[in-house]
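Protein chains: 2
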Amino acid sequence: MAFSERIARLKSSLIREILAAAQRPEVMSFAGGLPAEPMLPKVDWSEMPASMGQYGMSEGEPALREAIAAEARALGVPCEASQVLIVSGSQQTLDLASKLFIDPGTEVLLEAPTYLAALQAFQLFGADCIAVPQEADGPEIAALRQRLERHKPAFAYLIPTFQNPSGTRYSEAKRDAVAALLDEFGVTLIEDEPYRELVFDGGSATPIVSRLQKTSWIYTGTVSKTLLPGLRVGFLIATPDLFPHLLRLKQSADLHTNRIGQWQALQWFGTEQYRQHLAELRDFYRVRRDAMQAALEEHFGELATWEIPQGGLFFWLTLKQPLDTRSLLKPALEQNVAFMPGEPFFIDPDQHPGHLRLNFSHVAPERLGEGLRRLAGVVRQAQSAQAA
Amino acid sequence: MAFSERIARLKSSLIREILAAAQRPEVMSFAGGLPAEPMLPKVDWSEMPASMGQYGMSEGEPALREAIAAEARALGVPCEASQVLIVSGSQQTLDLASKLFIDPGTEVLLEAPTYLAALQAFQLFGADCIAVPQEADGPEIAALRQRLERHKPAFAYLIPTFQNPSGTRYSEAKRDAVAALLDEFGVTLIEDEPYRELVFDGGSATPIVSRLQKTSWIYTGTVSKTLLPGLRVGFLIATPDLFPHLLRLKQSADLHTNRIGQWQALQWFGTEQYRQHLAELRDFYRVRRDAMQAALEEHFGELATWEIPQGGLFFWLTLKQPLDTRSLLKPALEQNVAFMPGEPFFIDPDQHPGHLRLNFSHVAPERLGEGLRRLAGVVRQAQSAQAA
Chain A
581 MAFSERIARL KSSLIREILA AAQRPEVMSF AGGLPAEPML PKVDWSEMPA SMGQYGMSEG
641 EPALREAIAA EARALGVPCE ASQVLIVSGS QQTLDLASKL FIDPGTEVLL EAPTYLAALQ
701 AFQLFGADCI AVPQEADGPE IAALRQRLER HKPAFAYLIP TFQNPSGTRY SEAKRDAVAA
761 LLDEFGVTLI EDEPYRELVF DGGSATPIVS RLQKTSWIYT GTVSKTLLPG LRVGFLIATP
821 DLFPHLLRLK QSADLHTNRI GQWQALQWFG TEQYRQHLAE LRDFYRVRRD AMQAALEEHF
881 GELATWEIPQ GGLFFWLTLK QPLDTRSLLK PALEQNVAFM PGEPFFIDPD QHPGHLRLNF
941 SHVAPERLGE GLRRLAGVVR QAQSAQAA
Chain B
581 MAFSERIARL KSSLIREILA AAQRPEVMSF AGGLPAEPML PKVDWSEMPA SMGQYGMSEG
641 EPALREAIAA EARALGVPCE ASQVLIVSGS QQTLDLASKL FIDPGTEVLL EAPTYLAALQ
701 AFQLFGADCI AVPQEADGPE IAALRQRLER HKPAFAYLIP TFQNPSGTRY SEAKRDAVAA
761 LLDEFGVTLI EDEPYRELVF DGGSATPIVS RLQKTSWIYT GTVSKTLLPG LRVGFLIATP
821 DLFPHLLRLK QSADLHTNRI GQWQALQWFG TEQYRQHLAE LRDFYRVRRD AMQAALEEHF
881 GELATWEIPQ GGLFFWLTLK QPLDTRSLLK PALEQNVAFM PGEPFFIDPD QHPGHLRLNF
941 SHVAPERLGE GLRRLAGVVR QAQSAQAA
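Protein sequence lines correspond, in order, to chains A and B. The first sequence runs 581 to 968 under the working numbering. The second sequence runs 581 to 968 under the working numbering.
What follows is the structure, given as structure tokens:
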């Protein structure tokens, strides 16, 4: 069987397989990024017109494109509805952008750490990934300039607001600095914002694309974190030089995004009901975030350091005594606890041991303490085995 | 702006743009492949569980995979639910298969003519396409053998049942012959069957994949032609050597297919209600097919030849006096008539002038005669201009 060259780059699914085993109901899982079941809003389908069953436009439903453009403009993103493409979840933006930009050996610039599924998508198409280290308030600007001086990436892929996995929100100053550098070097920006609305502690920062003067960009978002991921409805907004290519790539990929989900998303955008749901969601997740913080202080205070995430769905722990956290997965699962090892979020996993990504949206607060107690036990045991 | 090499292979959208202009309500369109609006079934969403809003498995909903495997086994396709992958419309199968098999220069074997969007998807990934001429009962077997002796295609892509665009249904004998040749040369088969259920005149033929002894295969279908295309729910069934790769490519493309549409599709599979709907659909389209045949005899009898399609959605006309039918599109639209030129369905369009694809499912019977009368006039005028 002769497969394409790219199949050799499809990453081992070891972790995926182990985590699939973690679906058992008795497992306390800090591994995924799932919205909490109780916070999935009740939706009404009774008013959906029958015409939504017919084929639709590759661009997406016109009214939904208008609504998304209006929301983006309110954030300072200069755009028209004609620049909005509805995609089958924002994961598809990564696929389309990979097709648009990446040949084997094409350089792309990423944060370290970065979103695992983006890294895998870009590497599948053969990207040569270059990383900029992440600090608490965004990327190291000097390192970013140095990378841009030495390399010619096709694009920079950034998640500036409550990044998965690190939870980092770029400061205003760093957003400005990043925009200025990308303009200076003429590097296209792909800005991924699934978590923007999940903000717990106030503060805000407009998208980086709104600060660009010259360079091309793609801004992408989704309803998966705020409404219903099962709809598979996301969007991208692109500068007019990129849009026609992305549209044709979308058509070739799956003709158009399902209209049922698009119609449902449209019922929510810009409504008072949605604003209220988002407020409830933030309150709910803030409580879970705070409960996680308290339990972490109790069980991981001696073992790790972390920033308190001001939004998003994850804590990102750095072990004081680093070890390959992938080796913790099996003993943790034997204790019915799942988490996400930090190494796969880096281009060079073996160079970045000692991080754990812990989701706080999924595990019920009453099981949280027990789960973290067991996980801390697994870490201690591995560290003493390592020391021995 | 440096795009990937493949973007240079994204085909000109000239025809697409002209056809988009044909969306005006006054246009009588024989161009598309849309189900008739009156035959979109009424669907009920009231029983859908809230859990369908959550993230789902990349493989698809387990119960839907079981139902599809059961239907496929009833057609003679040897498979288990574990071989079924739910995709975002069967167009996505083409994208996933392209990723699995095609590097720039990879040979793939197609029918001539073949499905336009498949040709474009394979060419986007850089395929070197090899064609086997289509006859009224399937491909020229001697030509197929000759191609397989001289080339080493990564796969053969075939649409054996009411092909888009030609309407051809392979005979039993040719299905056997094709299966034997693919087995002999060890070439993977991708069998695309969107139209199998739209059969008007009886007769049946089991899928080619059910006749294979050794070689790998992907069998793909959809609910778009029989239920609701707006759901964007299709499926592929693959041999176990291919399935794990396709699953990971699916996950990288869009995580999973929307669950709302999957749930709705599951409400229909295997039910008496679905059987009845399919029977009504066949009756409805048979009437339209017959009306089209009568109108064609009246207006195109002197101009063209064609086979009466026994299923599917299209007539495929061959002009007795060939000309480039792409040149007819503009004058036809000026007469408020749209059709699909035949040339783009071939690897080498300029070598295959003189075909028109005419859809019979969409235009209301009372407008049919007038539309074809105008179109025949456009053909006659172009032919006399050519002769002059």
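Idealized CB from N, CA, C, for every residue including glycine. Bear in mind that the values here come from a model prediction, so they are computed numbers and not experimental data.
Check	Outcome
Relative to chain B, which residues along the stretch 673 to 684 of chain A have a C-beta separation below 7 Å, given in chain order?	Asp675, Lys679, Leu680, Phe681, Ile682, Asp683
Which value, in whole angstroms, describes the spacing of the CA atoms of Leu676(A) and Glu878(B)?	47 Å
Measuring straight from C-alpha to C-alpha, what distance separates Ala965(B) and Glu887(B)?	28 Å
On the DSSP bridge list, what partners appear for Thr800(A)?	Asp772(A), Leu816(A)
As a quick exercise: from Glu860(B), Ala968(B), Gly814(B), Leu861(B), pick the residue whose alpha carbon is nearest that of Gln844(B).	Gly814(B)
Expressed to the nearest angstrom, what Euclidean distance is found between the alpha-carbon atoms of Val524(A) and Leu808(B)?	Given a span of 581 to 968 for chain A in the structure shown, any question on residue 524(A) remains unanswerable.
Where Val958(B) and Pro629(A) are concerned, what is the direct C-alpha to C-alpha distance, given to the nearest angstrom?	38 Å
Do we get a CB-CB distance below 9 Å when we pair Ser668(B) with the residues of chain A?	yes
For Leu665(A) versus Leu769(A), is the C-beta spacing smaller than 9 Å?	no
Quick one: is Val657(A) buried, meaning 16 or more other Cβ sit within 10 Å of its Cβ, or exposed?	buried
Between the Cα of Val688(A) and those of Asp772(B), Ala582(B), Glu773(B), spot the shortest distance and give me the residue it belongs to.	Ala582(B)
Based on the DSSP secondary-structure assignment, which residues constitute the bridge partners of Tyr737(B)?	Leu690(B), Ile770(B)
Residues bridged to Glu715(B) by DSSP?	Gly718(B)
Within the 9 Å Cβ cut-off, does Lys622(A) reach chain B?	yes
Whether or not the stretch 697 to 710 of chain B and the stretch 668 to 686 of chain B are in contact is what I'm after, with contact meaning three or more pairs of Cβ atoms, one per stretch, closer than 8 Å; do they touch?	yes
Taking 9 Å as the threshold (beta carbon to beta carbon), is Trp625(A) in contact with chain C?	No chain C is present in this structure, whose protein chains are A and B.
Compare the C-beta of Ile770(A) with all C-beta atoms of chain B and state if any pair is closer than 9 Å.	no
Assuming Glu660(B) and Ala649(B) make a contact with CB atoms under 8 Å, what is their CB distance in whole Å?	6 Å
Given a limit of 7 Å on CB to CB distance, which residues of the stretch 802 to 820 of chain A reach chain B?	Leu808, Pro809, Gly810, Leu811, Arg812
What are the residues of the stretch 686 to 715 of chain B that lie near chain A, defined by any Cβ-Cβ distance shorter than 9 Å?	Thr686, Ala697, Gln700, Ala701, Leu704, Phe705
I'd like to know whether the C-beta atoms of Pro615(A) and Gln634(B) end up nearer to each other than 9 Å.	yes
Residues of chain B with CB closer than 7 Å to the CB of Leu590(A), please, in chain order.	His825, Arg828
Rank Glu860(A), Pro945(A), Leu952(A) by C-alpha distance to the C-alpha of Ala912(A) and give the top, closest one.	Leu952(A)
If you draw a straight line from the C-alpha of Ser670(A) to the C-alpha of Glu764(B), how long is it?	43 Å
Output the distance between the C-alpha atoms of Leu792(A) and Arg653(A), rounded to the nearest integer angstrom.	14 Å
Quick check on the DSSP output: what are the complete beta strand (DSSP E) runs of length 3 or more inside the stretch 635 to 717 of chain B, in order along the chain?	664 to 667, 687 to 692, 708 to 715
Excluding the 5 residues flanking Ala601(B) on each side, which residues of the same chain have their C-beta closer than 8 Å to its C-beta?	Leu913
Taking only three categories from DSSP, how would you classify His935(A)?	strand
Would you say Leu696(B) and Pro924(B) are within 9 Å of each other, going by their C-beta atoms?	yes
Just grab the DSSP bridge partners of Met608(B) for me.	Val917(B)
In whole angstroms, what is the alpha-carbon distance linking Asn744(B) and Glu946(B)?	25 Å
If distances are taken between C-alpha atoms only, which option among Glu752(A), Leu811(A), Leu822(A) comes closest to Asn838(B)?	Leu811(A)
List the residues of chain B whose Cβ lies closer than 7 Å to the Cβ of Ser796(A), in chain order.	Met581
First and last residue of the beta strand (DSSP E) that includes Leu899(B)?	894 to 899
Note the first and the last residue of the continuous alpha helix (DSSP H) segment covering Asp870(B).	852 to 880
Under 7 Å Cβ-Cβ, which residues of chain B neighbour Glu617(A)?	Gln634
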